[in-house]
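K.L.:
Just remember that my numbering sits 30 ahead of the position in the sequence shown, which is counted from 1.
Please see the structure below; I have some questions.
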Amino acid sequence: MITVFRPNGEARALPAETDSAAAEALAGTVWVDMLEPTRGDEALIERILPIDVPTRDELKDIEPSSRLYTDGTAAYMTASLMVKAESDLPHLTDVAFILTPDRLLTVRYAEPRSFSLFRSAMHRIPGGCTSPTVMITRLLETIADRTAEILEIAVSRADTLSLEVFGDKRHLSRRPPRYLEDRVVQVSALHRLVAKTRDSLMSLSRVLTFLHGLPALQSDRESLELCRTVTRDVQSLSEHANFVAGNITFLLDASLGLINLEQNAIIKIFSIASVVLLPPTLIASTYGMNFEFMPELHMAYAYPLTLAAMVLSAILPFFFFRWKGWL
Numbered sequence: 031m032i033t034v035f036r037p038n039g040e041a042r043a044l045p046a047e048t049d050s051a052a053a054e055a056l057a058g059t060v061w062v063d064m065l066e067p068t069r070g071d072e073a074l075i076e077r078i079l080p081i082d083v084p085t086r087d088e089l090k091d092i093e094p095s096s097r098l099y100t101d102g103t104a105a106y107m108t109a110s111l112m113v114k115a116e117s118d119l120p121h122l123t124d125v126a127f128i129l130t131p132d133r134l135l136t137v138r139y140a141e142p143r144s145f146s147l148f149r150s151a152m153h154r155i156p157g158g159c160t161s162p163t164v165m166i167t168r169l170l171e172t173i174a175d176r177t178a179e180i181l182e183i184a185v186s187r188a189d190t191l192s193l194e195v196f197g198d199k200r201h202l203s204r205r206p207p208r209y210l211e212d213r214v215v216q217v218s219a220l221h222r223l224v225a226k227t228r229d230s231l232m233s234l235s236r237v238l239t240f241l242h243g244l245p246a247l248q249s250d251r252e253s254l255e256l257c258r259t260v261t262r263d264v265q266s267l268s269e270h271a272n273f274v275a276g277n278i279t280f281l282l283d284a285s286l287g288l289i290n291l292e293q294n295a296i297i298k299i300f301s302i303a304s305v306v307l308l309p310p311t312l313i314a315s316t317y318g319m320n321f322e323f324m325p326e327l328h329m330a331y332a333y334p335l336t337l338a339a340m341v342l343s344a345i346l347p348f349f350f351f352r353w354k355g356w357l
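Structure representation (structure tokens):
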């Protein structure tokens with residue numbers, strides 16, 4: 031699907047019946063957005079505009095020379111943006127930004143929320159997006175703002191997990207089975223979200239650095255200043271993302287440490303129980319021997335005395351361990 035936008039945010043679908051109808055619809059537009067374009071859509075744009083539309087496989091190239099380059103009067107930039115950040119499986123999608131003297135062309139195969147936010151806010155931009163350079167810098171600004179929201183979501187989830195892991199001490203002894211194991215799974219999902227966000231910020235930083243050096247941007251003071259502002263925002267977000275990643279790593283290590291402590295406590299209980307029950311077992315096994323001459327067997331109070339000795343031999347080690355601080 032191909033959607034074209036005018037400077038005031040007015041949008042319409044690009045007709046694909048004839049090249050002349052499509053060219054007429056492109057007149058006066060500053061942004062052409064290609065969402066999951068077919069081969070026919072790519073061929074249509076390549077016939078009307080003097081640019082080469084990158085394919086889906088070409089967007090996946092990770093070499094900087096394949097993601098940031100110029101071809102004639104067009105500048106090609108590919109950024110990795112977050113998709114489905116609120117879901118259980120956030121991932122990155124590659125989006126191509128093609129900047130020409132007349133308009134901005136974007137090629138994407140997913141729906142990052144930043145694009146829908148930008149489309150709905152275009153009409154509120156003072157003066158509108160009258161040039162492709164203003165359009166791309168405003169769009170990158172919205173992408174940076176959306177990335178900041180994703181980091182806020184990650185921070186909120188981390189705080190919630192921290193309270194669940196290190197919550198009220200009165201409830202720590204009444205945790206349900208596999209409680210901490212479930213928290214570890216949630217922490218790992220949160221780590222994935224922050225890791226993908228950091229990759230996206232690194233990609234945006236490269237795009238902004240490349241964009242800042244383009245002659246078209248250098249000649250537009252408004253776009254140049256906005257590009258510098260967005261670059262600083264992305265750098266600040268990258269530092270904040272590193273801080274959040276450090277907190278998540280600590281939370282993961284702490285959760286694993288608590289699991290080890292609980293397992294050690296269980297082993298400790300079994301070890302102490304075996305030591306406490308060892309003296310009574312020794313007494314019982316002694317008087318369970320089938321020897322002919324055992325004087326205690328003929329005593330009137332041998333049975334209760336033996337039971338008392340077994341209980342006493344179990345109580346004394348227990349209080350000794352308490353006195354030593356082992357319990």
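Think of the CB as a built atom: it goes at the ideal place given N, C-alpha and C, for glycine as much as any other residue.
Since this is a predicted model, take the numbers as computed values, not measurements.
With H, G and I counted as helix, E and B as strand and the rest as coil, what does DSSP make of Val-264?
P.N.:
Of the three classes helix, strand and coil, the one that applies to Val-264 here is helix, per DSSP.
K.L.:
Measure from the alpha carbon of Ala-178 to the alpha carbon of each residue in Ile-155, Leu-223 and Arg-213, then state which is nearest.
P.N.:
Of the listed residues, the one whose Cα sits closest to Ala-178 is Leu-223.
K.L.:
For Ser-235 and Gln-265, what's the separation of their Cα atoms in angstroms?
P.N.:
Going by the C-alpha atoms only, they are around 7 Å apart.
K.L.:
What's the C-alpha gap between Val-341 and Ile-289?
P.N.:
Cα to Cα, Val-341 sits roughly 34 Å from Ile-289.
K.L.:
For a test of the three-state rule: what should DSSP assign to Thr-85, helix, strand or coil?
P.N.:
Coil, per DSSP.
K.L.:
Tell me, please, which residues DSSP counts as bridged to His-153.
P.N.:
His-153 pairs with nothing; no bridge assigned.
K.L.:
Any Cβ of chain B within less than 9 Å of the Cβ of Leu-98?
P.N.:
Note that chain B does not occur in the displayed structure, where there is just one protein chain.
K.L.:
Look at Ile-173 and Leu-247 and say whether their C-beta atoms are less than 9 Å apart.
P.N.:
No, these two residues do not count as a Cβ contact at 9 Å.
K.L.:
Opposite Ala-188 in the DSSP bridges: which residues?
P.N.:
According to DSSP, Ala-188 bridges with nothing at all.
K.L.:
Quick one: give me the first and last residue of the beta strand (DSSP E) that Arg-42 is part of.
P.N.:
First-last of the beta strand (DSSP E) with Arg-42: 41-43.
K.L.:
My output table needs one value for Ala-105: the three-state DSSP class, helix, strand or coil.
P.N.:
Of the three classes helix, strand and coil, the one that applies to Ala-105 here is strand, per DSSP.
K.L.:
What residue does the beta strand (DSSP E) around Thr-123 start on, and which one ends it?
P.N.:
121-129 is the span of the beta strand (DSSP E), which, as asked, contains Thr-123.
K.L.:
Spatial neighbours of Leu-282 within its chain, please: C-beta separation below 6 Å, excluding the five flanking residues on both sides.
P.N.:
Same-chain partners within the cutoff: Val-217.
K.L.:
For Arg-208 and Gly-287, I'd like the C-alpha separation in whole angstroms.
P.N.:
Each residue's Cα considered, the two are about 14 Å apart.
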